[in-house]
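Colleague:
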Amino acid sequence: MKYYLLVALSVLNLIGFSQECDHIFLGELSDFHDKTPIIGATIFIQNLDKYVTSDIDGKFKIENLCDGEITLVISHISCETKTVKFMVKGDIYKSISLEHHIESLGEVSVTGNATKQETTTAQETVLKSAVLKRYSSLSLGDALKEVPGVSSINTGNTIVKPMINGLYGSRLLIMNNNVRLQDQEWGIEHAPNVDINSAGQISVIKGSGALAYGGDAVGGVVVINPRRVLLKDTLYGKTTIGGQTNGRGYNISTSLNKTFASGWFANVQGAIKQNGDFEAPDYNLTNTGLKSNSFALQGGKKAFESGFELYYSYIDNEIGILRASHIGSIFDLERAINAGQPLVVNDFSYDINVPKQEVTHHIAKASYYKRFKNFGKVNLQYDYQNNKRLEFDVRIGDRRFIPAVDLRLQTHTVSADVNLDSNLDRKVNFGIMGRYQDNFANPDTGVRRLIPDFDKYDFGAYTTAEWQLNDKVIVDAGIRYDFNRIDAKKFYLKSRWNERGYSTDFSDIIIQDFPTQYLTNPVFNYHNISASAGIKYTINDSNEVLFNYSLSSRPPNVSELFSDGLHHSAARFEIGDLRFNKEISNRVSGTYNYSSSRFNFLAEIFYNRVADFIYLRPFDFISTIRGPFPLWEYQQTDAELYGIDITAKYDVTNNIKLLNKTSFIKGNDLETNLPLIDIPSFNTNNQITYNNEDWYNFSASLKSEWVFEQNEFPDFNFDIQNQLTGQMLTIDISTPPPAYHLLHFYTEATFSFSKEINLNVALGVNNIFDTSYRNYLNRLRYFADDLGRNITLQLQLNY
Amino acid sequence: MNTNNSNLKTMKTNFLYLNSMKTSKLFVAAMFCLTLITSCSDDDDPVIINPEELITNVTLTFTNTGNATDIVTMSSVAPDGQDGSFTNIVVGSFTSGETYSLDLAITNESESPADDVLNDDIIPEADEHFFTYGVNTVSMTMSRDAGDVDGPDGNKLGVNTTWIAGGASNGSLNITLVHEPVGSDDSNNFGTVTGGEEDFNITFSGVSIN
Chain G
1 MKYYLLVALS
11 VLNLIGFSQE
21 CDHIFLGELS
31 DFHDKTPIIG
41 ATIFIQNLDK
51 YVTSDIDGKF
61 KIENLCDGEI
71 TLVISHISCE
81 TKTVKFMVKG
91 DIYKSISLEH
101 HIESLGEVSV
111 TGNATKQETT
121 TAQETVLKSA
131 VLKRYSSLSL
141 GDALKEVPGV
151 SSINTGNTIV
161 KPMINGLYGS
171 RLLIMNNNVR
181 LQDQEWGIEH
191 APNVDINSAG
201 QISVIKGSGA
211 LAYGGDAVGG
221 VVVINPRRVL
231 LKDTLYGKTT
241 IGGQTNGRGY
251 NISTSLNKTF
261 ASGWFANVQG
271 AIKQNGDFEA
281 PDYNLTNTGL
291 KSNSFALQGG
301 KKAFESGFEL
311 YYSYIDNEIG
321 ILRASHIGSI
331 FDLERAINAG
341 QPLVVNDFSY
351 DINVPKQEVT
361 HHIAKASYYK
371 RFKNFGKVNL
381 QYDYQNNKRL
391 EFDVRIGDRR
401 FIPAVDLRLQ
411 THTVSADVNL
421 DSNLDRKVNF
431 GIMGRYQDNF
441 ANPDTGVRRL
451 IPDFDKYDFG
461 AYTTAEWQLN
471 DKVIVDAGIR
481 YDFNRIDAKK
491 FYLKSRWNER
501 GYSTDFSDII
511 IQDFPTQYLT
521 NPVFNYHNIS
531 ASAGIKYTIN
541 DSNEVLFNYS
551 LSSRPPNVSE
561 LFSDGLHHSA
571 ARFEIGDLRF
581 NKEISNRVSG
591 TYNYSSSRFN
601 FLAEIFYNRV
611 ADFIYLRPFD
621 FISTIRGPFP
631 LWEYQQTDAE
641 LYGIDITAKY
651 DVTNNIKLLN
661 KTSFIKGNDL
671 ETNLPLIDIP
681 SFNTNNQITY
691 NNEDWYNFSA
701 SLKSEWVFEQ
711 NEFPDFNFDI
721 QNQLTGQMLT
731 IDISTPPPAY
741 HLLHFYTEAT
751 FSFSKEINLN
761 VALGVNNIFD
771 TSYRNYLNRL
781 RYFADDLGRN
791 ITLQLQLNY
Chain S
1 MNTNNSNLKT
11 MKTNFLYLNS
21 MKTSKLFVAA
31 MFCLTLITSC
41 SDDDDPVIIN
51 PEELITNVTL
61 TFTNTGNATD
71 IVTMSSVAPD
81 GQDGSFTNIV
91 VGSFTSGETY
101 SLDLAITNES
111 ESPADDVLND
121 DIIPEADEHF
131 FTYGVNTVSM
141 TMSRDAGDVD
151 GPDGNKLGVN
161 TTWIAGGASN
171 GSLNITLVHE
181 PVGSDDSNNF
191 GTVTGGEEDF
201 NITFSGVSIN
């Protein structure tokens, strides 16, 4: 909405010198529910007895108006005809929403600008292709940081796990083209397997308001949708080529779309990217290269009454992990922390050596929908995912080429959703979902499995409803039930089994007795209720408030339950607990949005109380005959998180814009009264942009990124004695790195060759001053600085 | 205008009803294909993993070269191998001024019969291994024997060594086995090493010379 205002304003060039009867009325029609523009509506201007039609962006223009009242009668297919009156005094801009059949519009009309919201009362931000294209060479986690309150937890700078309001991993639900991503999100060094280039639009929903997708999104939901299908006979595409100095990387991405007016469509999209070792300001980050290949095929038929879609996507990532981050015993960690720089630094190379990970992910999906008169729409979907993860550690001898982790996770999901939309004032959706998941841990690794073999069964049913009470108030509510069953086959070392006290509580699950190990068959069932309710109140054209409450319930994941051993890639022992309960979150949020022609302000406040919050913390160490290793244990506690995210935009002139994004969050462990670990620190981004549409849509922006030091952290440092010398050492595993400030520059211009063909050229400089810094939420912060200056050049050809 | 629209809609609807038969069939066919290509999981129990090159027992036996009954043993037992807990025991004490020869035993007792890791794995791959030793506050010196096995980079492996007990003292003794060291050096006898991976790194405390 705000974007439209901005766009509209810059087109209009509002200048307050006007004479009588030459005023311009610029209107913009959008759907009341999802804000998609309404195209081809007829606007009858009663006073002038004249007709105009809204364009592809839902906009229309009435010229040569005099001061005074005008009456517009707006009509459109499948909309109620609406009569509105306005006072004209000078040029005016008005945004008008129409009651439109939300689903029909979602399918029959599409433009590049359409912003389709997933939720009504939740804190949702939509990232559109104009923003996403800047991240073509980067990852999903990097792009999502455009949303205030979204950060990331990293392993280096290519493994980027998104974090929403301080929560990540299994607490985020990622939907990729309506398929819930099942890619072993439980590990901190497992980034989502999504190619950012396949996304046409991404919605970030804070909290669990989108119940249709799942009830366990304690942190939030990320909805990735491909570009929408145009209902006309056309062939279009785009190709992006980029290069960057840091890491000497390149990325190429291309997509081609063929559509027919009859509704048939076929899309193909592919991307490759590669880079070698990145550089911190003072040294090479040896073994941080990346190779990524991906492609997606999509085809089907989309019409008002029915349609189907077949979709397949593939992504293959080979990611090097900083060589210096491989440690043996805890003394290596202590040495690395105190050295202040990586202990292994080699010359630049594209080679990816150990430690590294190779991950492939396949998604295949078939969906079908049919609309029934005076009832609604029924969607059916089946999807299959295959995620294979290999982690190669620094190993010796013949084992050098054998991965230390070799997991294959397969997921089958069937779902049925019904949207009852015959009554536009009261929309009801409901659906059911069934899922079967199978994880296989390959024994050829020769390393005891950190994640066991398991079968998982999920069943879910939900219903959501939305009421339009009047022009100003929309209320929504939903409830969902989920059943989860985990049936695992897990080996435990007898020593660990006894040490954890499982011998008393779980002796009945032992199914086989080996000399030093037990084979056990833990089966856990979880029943989860989640719910959501909210209200959206539009006070007037400029002010809007939203309130939302959501209850979500997340069963412990396999890593939290079953981890028990040396996690080689992290060089630490990670111990889970079979006794964990599900996590239950109660989250309340309030949003205030002010928008005027020049100033936009959005404040999002939340409070999230999580009962039985599960987190991984450094404990102390385990002594082994290889020396002491850090011991991290999963813990369960009651926690609270609260914070505020602010976005403020101000147009100084039509060409100069200021933008501020600030987020502040706190997390507390309510049982120990300590701050929670891994909570992002206060950060504020300020940006000034100069934009001139007349110069090939030129824009240039300077962005300041200021990340404060996290002063509220739990002190989990511990002391360890060097047994030979008797010397005591403190392992400072907790202290966050100092604050840092970075400046980034970005400029772009678009050259049109014809109506359809244009070339966008973008140049960026990240970390202009080559500042050395470390981020609290980067797991490799103990070992090396973050990235130095990076100059990127990207060409995007749209045709 | 509204009547026109609804006529149009009906026409469109009829057309689509015809088509939806075709699309339904296609959809079912597609589902069927997808189900076929996905493999079924078997319900067999997973295979047990016993990590290779496991070391559970490391025993150092120091025998007085002049008196075969003067023996000091240091043993480390880690039933689950390198990644589990362990117990170290020192039996006996050294006699000041005496010379001892060290006999090493490195085994994997989790297998039956026990696996002799030293003679079956380490010595045959002597060029990839290197032992280093260290003492703290206990007054001992050591040397690698002329008959010691050749290790990496022309260094002695450190499996056959001779120790001389100095003045009466108490302290600790360390033995470390490094696999594939980047650099190794035996010039100070105890040995120094860079890089590589430690197969074990054991410190025995409570070592005494009377």
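Going line by line, the protein sequences match chains G and S.
1 is the number of the first residue of the first sequence in this note's numbering; add one for each residue after it.
1 is the number of the first residue of the second sequence in this note's numbering; add one for each residue after it.
Heads up, the beta-carbon is just placed ideally off N, CA and C, and yes, glycines get one too.
1. Note down, in chain order, each residue of its chain lying with its Cβ closer than 6 Å to the Cβ of residue 410 of chain G, except the 5 sequence neighbours on either side.
2. DSSP on residue 82 of chain S, reduced to helix/strand/coil?
3. State yes or no: is the C-beta of residue 538 of chain G within less than 7 Å of the C-beta of residue 490 of chain G?
4. Would you mind listing the alpha helix (DSSP H) stretches within the segment 469-518 of chain G that are 4+ residues and don't spill past its ends, in chain order?
5. Kindly indicate which three-state DSSP category residue 263 of chain G falls into: helix, strand or coil?
6. So what does DSSP say about residue 787 of chain G, is it helix, strand or coil?
7. Below 9 Å between beta carbons is the criterion; list the residues of the segment 446-467 of chain G that meet it against any residue of chain S, in chain order.
8. How would you write the range of the beta strand (DSSP E) that residue 439 of chain G sits in, first residue to last?
9. Rounding to the nearest angstrom, what Cα-Cα distance links residue 651 of chain G and residue 658 of chain G in this structure?
10. Roughly how far, in whole angstroms, is the beta-carbon of residue 801 of chain G from the beta-carbon of residue 46 of chain S, given that I think they are within contact range, below 8 Å?
11. Take residue 296 of chain G and list the residues in its own chain whose beta-carbon comes closer than 8 Å to its own, dropping the five residues that flank it on each side.
12. Using DSSP with H/G/I as helix, E/B as strand and the rest coil, what is residue 133 of chain G?
13. Please report the residue range of the beta strand (DSSP E) in which residue 193 of chain S lies.
14. Along the chain, where does the beta strand (DSSP E) that runs through residue 210 of chain G open and close?
15. Quick one: using the 10 Å Cβ neighbour count with 16 as the cut-off for buried, is residue 194 of chain S buried or exposed?
16. Given residue 571 of chain G, which residues of its chain have a CB within under 6 Å of its CB, disregarding the five upstream and five downstream residues?
17. Buried or exposed for residue 140 of chain S, please, with buried defined as at least 16 other CB atoms from any protein chain shown within 10 angstroms of its CB.
18. Taking 7 Å as the CB-CB cut-off, is residue 11 of chain G touching chain S?
19. Residues in its own chain within less than 6 Å of residue 2 of chain G by CB, not counting five upstream and five downstream?
20. Please list the terminal residues of the continuous alpha helix (DSSP H) segment that includes residue 331 of chain G.
21. So, using beta-carbon positions, are residue 218 of chain G and residue 167 of chain G closer together than 7 Å?
22. Taking Cβ-Cβ distances below 7 Å as the criterion, which residues of the segment 163-187 of chain S are in contact with chain G?
23. Report back the beta-carbon spacing between residue 301 of chain G and residue 243 of chain G to the nearest angstrom; my notes put them in contact at under 8 Å.
24. Please list the terminal residues of the continuous alpha helix (DSSP H) segment that includes residue 141 of chain G.
25. Closer than 8 Å, Cβ to any Cβ of chain S: which residues of the segment 504-538 of chain G, in chain order?
26. Say whether chain S places a C-beta atom closer than 7 Å to the C-beta of residue 626 of chain G.
27. Assuming residue 185 of chain G and residue 95 of chain G are in contact, meaning their beta carbons sit under 8 Å apart, how far apart are those beta carbons, in whole angstroms?
28. In chain S, which residues lie less than 9 Å from residue 491 of chain G when you measure between Cβ atoms?
29. Name the two residues that bound the continuous alpha helix (DSSP H) containing residue 392 of chain G.
30. At what residues does the alpha helix (DSSP H) containing residue 561 of chain G begin and finish?
31. Are the Cβ atoms of residue 633 of chain G and residue 575 of chain G separated by less than 7 Å?
32. Helix, strand or coil for residue 445 of chain G per DSSP?
33. Taking all protein chains shown into account, do 16 or more other C-beta atoms lie within 10 angstroms of the C-beta of residue 587 of chain G, making it buried, or fewer, making it exposed?
34. Considering only their Cβ atoms, is the gap separating residue 84 of chain G from residue 72 of chain G smaller than 7 Å?
35. Pull the bridge partners of residue 406 of chain G from the DSSP assignment, please.
36. Determine the extent of the beta strand (DSSP E) in which residue 164 of chain G is found, giving its start and end residues.
Modeller: Taking the definition as stated:
1. 386 and 438
2. helix
3. no
4. 494-499 and 502-505
5. In the structure shown, residue 263 of chain G falls within a coil segment according to DSSP collapsed to helix, strand and coil.
6. coil
7. 446, 447, 448, 449, 452, 453 and 455
8. 426-441
9. Cα to Cα, residue 651 of chain G sits roughly 6 Å from residue 658 of chain G.
10. Residue 801 of chain G lies beyond the residue range present for chain G, which begins at 1 and ends at 799; the question has no answer from this structure.
11. Close CB contacts of residue 296 of chain G within its chain, under the 8 Å cut and outside five residues either way in sequence, are with 195, 198, 226, 267, 268, 269, 270, 311, 312, 313 and 314 (chain order).
12. helix
13. 192-194
14. Segment: none, residue 210 of chain G is in no beta strand (DSSP E) and carries neither H nor E.
15. exposed
16. The beta carbon of residue 571 of chain G sits closer than 6 Å to those of 327, all from its chain and outside the five residues before and after it, given in chain order.
17. buried
18. Per-residue confidence for residue 11 of chain G stands at a pLDDT of 39, beneath the threshold of 50, marking its modelled position as unreliable; no derived number is given.
19. Residue confidence is low: residue 2 of chain G scores 46 on pLDDT, short of 50, so the model does not pin down where it sits. Its coordinate-derived value is still stated next. Hits under 6 Å: 595 and 600.
20. Looking at the DSSP string, the run of the alpha helix (DSSP H) that includes residue 331 of chain G is 330-339.
21. yes
22. Answer set for the segment 163-187 of chain S: 172, 174, 179 and 180.
23. Between residue 243 of chain G and residue 301 of chain G the Cβ distance is about 39 Å, and since that is not below 8 Å, they are no contact.
24. 140-144
25. 511, 512, 514, 515, 516, 517 and 519
26. Taking CB atoms only, residue 626 of chain G has a neighbour in chain S less than 7 Å away.
27. Not a contact, Cβ separation roughly 39 Å.
28. 46, 48 and 49
29. Per DSSP, residue 392 of chain G is not a residue of any alpha helix (DSSP H); the beta strand (DSSP E) it occupies stretches across 376-392.
30. In this chain, the alpha helix (DSSP H) harbouring residue 561 of chain G covers 558-562.
31. yes
32. helix
33. Of the other Cβ atoms in all chains shown, 16 or more fall within 10 Å of the Cβ of residue 587 of chain G; this residue is therefore buried.
34. yes
35. G:390
36. 159-164
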